[in-house]
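Student: Handing you this structure, nothing more for now.
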Amino acid sequence: TPGRNGSREAQLPTVIDPDVPSIARAYDATLGGKDNYEVDREVARQLREVTPEVTTLAWDNRDFLIRATRFIVGTVGIDQIVDVGSGLPTVENTHDVAVRFNPDTCVVYVDIDPIVIAHGRALVEDHETVHCVQGDLTAPETLLRDPEVAGRLDWDRPMALYQVGTLHHVADDRDPAAMMRTYVDALPSGSHVVLSHFFSPGDEDPEAAAVAERLEHAFLHSPMGTGRFRTREEIAAYFDGLEFVDPGLETLAYWWPEGPPPENLDPARRLMIGAVARKP
Ligand code: SAM
Numbered sequence: 004t005p006g007r008n009g010s011r012e013a014q015l016p017t018v019i020d021p022d023v024p025s026i027a028r029a030y031d032a033t034l035g036g037k038d039n040y041e042v043d044r045e046v047a048r049q050l051r052e053v054t055p056e057v058t059t060l061a062w063d064n065r066d067f068l069i070r071a072t073r074f075i076v077g078t079v080g081i082d083q084i085v086d087v088g089s090g091l092p093t094v095e096n097t098h099d100v101a102v103r104f105n106p107d108t109c110v111v112y113v114d115i116d117p118i119v120i121a122h123g124r125a126l127v128e129d130h131e132t133v134h135c136v137q138g139d140l141t142a143p144e145t146l147l148r149d150p151e152v153a154g155r156l157d158w159d160r161p162m163a164l165y166q167v168g169t170l171h172h173v174a175d176d177r178d179p180a181a182m183m184r185t186y187v188d189a190l191p192s193g194s195h196v197v198l199s200h201f202f203s204p205g206d207e208d209p210e211a212a213a214v215a216e217r218l219e220h221a222f223l224h225s226p227m228g229t230g231r232f233r234t235r236e237e238i239a240a241y242f243d244g245l246e247f248v249d250p251g252l253e254t255l256a257y258w259w260p261e262g263p264p265p266e267n268l269d270p271a272r273r274l275m276i277g278a279v280a281r282k283p
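To convert, note that position 19 of the sequence shown is 22 in UniProt numbering; the numbers rise steadily by one, no gaps.
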């Protein structure tokens, strides 16, 4: 088991470089947050040049995370959450939502970005059951064995694993579907997965597909170099071995919308899909 001073820690980034954009900071900039640098805001600007609605899409993703958390804690009754690739603290973080339903909910935030860990630890220091751990989601076995992750969880009871807006930052040759299989295999029965992902709708929605192509180009050619828009089949494969909870793999704005579902969604807002699914 790799310890806190083991070799994998040495491979995780420890330096915050204000001259190189990071996924977490560029996302924060897109959401209108303050924890970002000029290089990150430049990436956000380039994405908005493709379509200004990219901001609304980012908020659709955040809103999905909030509604899914209400479902996980409030409806299913799960009280332990591993939020992988959790991002910089913003309004209504996973634990803010969860503790309103159950103040004892254990939330383990995991992210690779040192700025997320620094801000996250400051935010959660008063919460005994909320933790912030640096880890690499592309090494699921190592991450799940990390005592700071594994040791916080009761592996005899259901838990929720979040991969919200994360796997599109993993390149095809890293095989994100295999990573998900490792995560899902490790989960106790009755656990749930919450996952959202950039979506390439193809012939299903040519108008949105054209925007997806331009956005993916902007992401992949940004200094971050990641952001894959995948097909419905590719994204569905991340839920292998799981049963979808209604309404299934859905456009984020339509996954349990509050009130009547929004009509005439801008094409950009049709470019992320997500679901909650249960391990039998
Ligand atoms: N889950 C949050 C949400 O949906 O609002 C944040 C999503 S943000 C777009 C993606 C996050 O994944 C960033 O905070 C980034 O640092 C993190 N991330 C990217 N690659 C990662 C990796 N290999 N291991 C852990 N976290 C990673």
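Ideal Cβ positions, reconstructed from N, Cα and C, are used throughout, including at glycine.
Remember, predicted model here, so these are calculated numbers, not experimental data.
Could you check whether the Cβ of D188 sits closer than 9 angstroms to any Cβ belonging to chain C?
Tutor: Reference to chain C is not applicable here, since this structure consists of a single protein chain.
Student: Count the other C-beta atoms from every protein chain shown that fall within 10 angstroms of the C-beta of A125, then say buried if there are 16 or more, exposed otherwise.
Tutor: So A125 counts as exposed.
Student: Taking 9 angstroms as the cut-off, decide whether the C-beta atoms of F247 and F202 are in contact.
Tutor: No, the Cβ-Cβ distance between F247 and F202 is not below 9 angstroms.
Student: For R28 and T78, what's the separation of their Cα atoms in angstroms?
Tutor: Those two C-alpha atoms are separated by around 32 angstroms.
Student: Based on the DSSP secondary-structure assignment, which residues constitute the bridge partners of S199?
Tutor: Per DSSP, V167 and G277.
Student: When DSSP labels each residue in this structure, what does R177 get in the three-state scheme?
Tutor: R177: helix per DSSP, three-state reduction.
Student: Cα separation between R272 and E216?
Tutor: If I take the Cα positions, the gap works out to 14 angstroms.
Student: Let me know if A32 comes out buried or exposed under the rule of 16 or more other beta-carbons within 10 Å of its beta-carbon.
Tutor: It is buried - the Cβ of A32 has at least 16 other Cβ atoms within 10 Å.
Student: Where I238 and V102 are concerned, what is the direct C-alpha to C-alpha distance, given to the nearest angstrom?
Tutor: Cα to Cα, the separation comes out at about 30 angstroms.
Student: Go through its chain and collect everything with a Cβ distance to M183's Cβ below 6 angstroms, but skip five positions before and after it.
Tutor: The answer, listed in chain order, is Y241.
Student: Let me know the beta strand (DSSP E) ranges lying completely inside the segment 93–127, each 3 residues or longer, listed in chain order.
Tutor: The qualifying runs are 109–114.
Student: Looking only at its chain, what residues have a beta carbon closer than 7 angstroms to the beta carbon of E210, apart from the 5 residues adjacent to it on each side?
Tutor: So the qualifying residues of the chain are P270.
Student: So, helix, strand or coil for R233, using DSSP?
Tutor: Strand.
Student: From what residue to what residue does the beta strand (DSSP E) around D82 run?
Tutor: Premise fails: D82 is in no beta strand (DSSP E) and is neither H nor E.
Student: Please find out if some non-hydrogen atom of ligand 1 comes closer than 8 angstroms to the beta-carbon of H172.
Tutor: Checking the Cβ of H172 against ligand 1 gives yes.
Student: Rounding to the nearest angstrom, what Cα-Cα distance links T17 and V23 in this structure?
Tutor: Going by the C-alpha atoms only, they are around 14 angstroms apart.
Student: Can you say whether E144 is buried or exposed, counting buried as having 16 or more other CB atoms within 10 angstroms of its CB?
Tutor: By the 10 Å Cβ count, E144 comes out exposed.
Student: Which one of R155, H171 and L245 has the shortest CA to CA distance from V187?
Tutor: The residue with the shortest Cα to Cα distance from V187 is L245.
Student: Roughly how many whole angstroms lie between the Cα atoms of H200 and I75?
Tutor: Each residue's Cα considered, the two are about 19 angstroms apart.
Student: Candidates L252, E56, V85 and P250: which alpha carbon is nearest C135's?
Tutor: Nearest C-alpha to C135: V85.
Student: From the DSSP output, in three-state form, read off R7 for me.
Tutor: Residue confidence is low: R7 scores 46 on pLDDT, short of 50, so the model does not pin down where it sits. Its coordinate-derived value is still stated next. Correct three-state label for R7: coil.
Student: Is Y40 near ligand 1, judged by its Cβ being under 8 angstroms from some heavy atom?
Tutor: Checking the Cβ of Y40 against ligand 1 gives no.
Student: Quick one: residues in its chain with C-beta nearer than 6 angstroms to the C-beta of R70, no 5 flanking neighbours on either side, listed in chain order?
Tutor: Once the five neighbours on either side are set aside, the close Cβ partners of R70 are W259.
Student: Please report how far the alpha carbon of T4 lies from the alpha carbon of A153, in whole angstroms.
Tutor: For T4, the predicted model reports a pLDDT of 36, less than 50, meaning its position is unreliable; a value from the coordinates is still stated below. When rounded, the distance between both Cα atoms is 11 angstroms.
Student: Consult DSSP for T254 and reduce its assignment to one of helix, strand or coil.
Tutor: T254 falls in the strand class under three-state DSSP.
Student: Hey, which unbroken runs of the beta strand (DSSP E) at 3 residues or more fall wholly within the segment 27–81?
Tutor: Fully enclosed beta strand (DSSP E) runs of 3 or longer: not present.
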